[in-house]
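Peer 1: Just so we're on the same page, this note's numbering is the position in the sequence shown counted from 1, plus 7.
Take this structure, written in structure tokens, and hold onto it; I'll ask about it next.
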Amino acid sequence: MDYTKSEFWAQQWATFENDFWVMLPLFVIIVGGVWWLRGKLYDAQIAGLKEQMVAIEQRFKFFVEGLDRAKNDFVDLDKQFQIYKAAVEAKGRDASPEMVDVAMTELKRENAIMSDLLAVAHRELEVSSRDPDKVKSFLNDRNVQS
């Protein structure tokens, strides 16, 4: 049986036209197989997209936690500044300038951390092409204020 000859295909077409019911089970099997394969491919694609969403949400959670740590560190820095301010008010010119240097160093460090976190979060937002309203609601759900 040579599949390249036109006589073979003409015979097959004539059989299909005359005895459609004979070919119907084969047609149903082929359509069912294609439908099943399509479903499997879409399921795999959906699973991959869900994994990407989970990874992106984990990154945002990491950024939110980093922002929370930075806020807590900023509160600690403010407390240190208030202590220094009280010392300056009490001692006047005899207050320790090292406390100012430590506070400034901490402020620079916290500023760098906050800038890095915001830059990476912004880059992730652009790369992930997520809806900005969803990201805002995600951050608001975790009580993070911009």
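Where is the CB? At the ideal position from N, CA and C, for every residue including glycine.
Do Phe70 and Ala128 have their CB atoms nearer than 8 Å?
Peer 2: As a working note, residue 70 is residue 63 in the sequence shown. As a working note, residue 128 is residue 121 in the sequence shown. Yes. Within cutoff.
Peer 1: Hey, how far is the Cα of Lys68 from the Cα of Arg116?
Peer 2: Position 61 of the sequence shown holds residue 68. Position 109 of the sequence shown holds residue 116. Spanning the two alpha carbons is a distance of roughly 22 Å.
Peer 1: Drop a sphere of 10 angstroms on the beta-carbon of Leu74, count the other beta-carbons inside from all chains shown, and report buried for 16 or more, exposed for fewer.
Peer 2: Residue mapping note: residue 74 aligns to position 67 of the sequence shown, counting from 1. Burial call: buried.
Peer 1: What is the residue span of the alpha helix (DSSP H) that Thr22 lies within?
Peer 2: Position 15 of the sequence shown, counted from the first residue, corresponds to residue 22. Counting along the chain, the alpha helix (DSSP H) containing Thr22 begins and ends at 13-25.
Peer 1: Does the separation of the CB atoms of Ala110 and Gln87 fall below 8 Å?
Peer 2: The residue you call residue 110 lines up with position 103 of the sequence shown. The residue you call residue 87 lines up with position 80 of the sequence shown. Yes, Cβ-Cβ distance for Ala110 and Gln87 is below 8 Å.
Peer 1: Rounded to a whole number of angstroms, what is the C-alpha to C-alpha distance between Phe27 and Gln18?
Peer 2: The residue given as residue 27 occupies position 20 in the sequence shown. The residue given as residue 18 occupies position 11 in the sequence shown. Cα-Cα distance, rounded: 13 Å.
Peer 1: Would you mind stating whether Leu124 and Ala62 have Cβ atoms separated by less than 8 Å?
Peer 2: For the purposes of this step, residue 124 is identified with residue 117 of the sequence shown, where counting begins at 1. For the purposes of this step, residue 62 is identified with residue 55 of the sequence shown, where counting begins at 1. The answer is no: Cβ separation not under 8 Å.
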